[in-house]
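Report on the following structure.
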């Protein structure tokens with residue numbers, strides 16, 4: 123057992139992964155640093171998630187705010203403080219767990235060390251691993267099957283403790299067929315007409331079922347109004363990230379559908395239900411290589427079908 127672990131997170135999903143790390147890497151003491159960015163939605167969701175997750179008694183939670191923009195001298199001093207603290211932790215027995223490696227704040231405070239372990243924050247895990255080299259990398263605690271560099275450690279996150287938490291809360295919840303919305307037309311991958319047509323085709327495959335469509339926060343109201351006219355679809359807008367559905371949702375899926383999304387993989391592991399990623403023609407998109415890579419990774423964990 124380690125003497126002390128330090129965890130630094132910035133988003134609700136990173137907090138879920140930190141919860142798993144605290145249980146998987148036992149330590150006499152843990153300090154969980156929760157960084158608020160000044161973004162009202164994200165900060166409120168972090169606070170709500172902290173309230174609902176039952177952290178062990180040996181976890182000390184410290185919250186602080188460093189604004190994402192318009193940093194003051196006080197923000198700079200906080201960054202220096204964390205940099206010094208992370209260097210110090212390398213002198214004692216324990217690990218440092220950090221969230222999204224692409225975060226400018228985390229890159230400033232991360233000290234490259236064998237004791238530093240990155241937490242998942244969506245499909246960015248895959249892109250970050252691809253950006254590493256044999257001479258510069260960090261270790262991972264991840265749901266993904268990554269190919270390690272020589273000397274790199276990949277610790278598997280199976281959401282074991284969150285699974286137990288969910289099983290105790292979801293037994294009486296309404297069972298639904300869940301469709302995870304996406305911003306295909308908003309990011310100009312396909313047109314709005316094509317996007318709506320794809321959703322319509324999938325809905326027709328399940329014409330005898332009512333579908334709960336979880337709108338992506340950036341989907342246009344115009345497109346959503348069109349999707350809402352599909353007879354077996356009801357649209358819901360969540361005020362929290364989809365990955366927190368097991369904690370906050372009033373329903374539980376028996377089947378999950380979408381195009382490509384990290385949430386498909388995450389929710390499949392948590393709810394242990396059938397999950398399908400529907401593949402469409404994205405050959406004309408400028409992002410077709412990244413989309414193909416996303417489907418390739420989805421296919422390792424869940425079923426991928428052509429529309």
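Numbering (this note's numbering), first residue to last: 123 to 429. For each residue, glycine too, the CB sits at the ideal point set by N, CA and C.
Assigned exposure category for residue 331 - 16 Cβ within 10 Å defines buried: exposed
Residue from 428, 373, 148 and 387 with nearest C-alpha to residue 177: 148
Report the CB separation of residue 144 from residue 183 in whole angstroms; it is logged as a contact under 8 Å. Going by Cβ atoms, the distance from residue 144 to residue 183 rounds to 11 Å, so no, they are not a contact pair.
Assuming residue 135 is part of the alpha helix (DSSP H), what are its boundary residues? 134 to 146
State the Cα-Cα distance for the pair residue 223 and residue 322, rounded to the nearest angstrom. 37 Å
Consult DSSP for residue 351 and reduce its assignment to one of helix, strand or coil. coil
Residue 182 - partner residues in DSSP beta bridges: 153
Taking the Cβ atom as the reference point for each residue, do residue 397 and residue 358 lie within a distance shorter than 8 Å? no
Could you tell me the boundaries of the beta strand (DSSP E) in which residue 446 lies? Summary: the structure shown does not reach residue 446, with the chain confined to residues 123 through 429, and so no result is reported for it.
Rounded straight-line distance, which links the Cα of residue 129 to that of residue 137: 9 Å
Other residues of its chain near residue 384: CB distance less than 6 Å, five sequence neighbours each side excluded: 244 and 245
Selection from 133, 389, 307 and 267 that minimises the alpha carbon distance to residue 438: Nothing can be reported for residue 438: it is not among the residues displayed for the chain, which extend from 123 to 429.
Since residue 381 contacts residue 362 with CB under 8 Å, what's their CB separation in whole angstroms? The pair is not a contact, with the Cβ atoms about 21 Å apart (cut-off 8 Å).
Which of the three DSSP states, helix, strand or coil, is assigned to residue 428? strand
Measuring only the C-alpha atoms, how far is residue 372 from residue 297? 9 Å
Beta-carbon proximity check, residue 155 vs residue 135, cutoff 8 Å: no
Are the CB atoms of residue 300 and residue 172 within a distance shorter than 8 Å? no
Which partner residues of residue 175 appear in the DSSP bridge assignment? Note: residue 175 sits in no beta bridge, so no partner.
Which residue's Cα is closest to the Cα of residue 303: 341, 251, 276 and 312? 341
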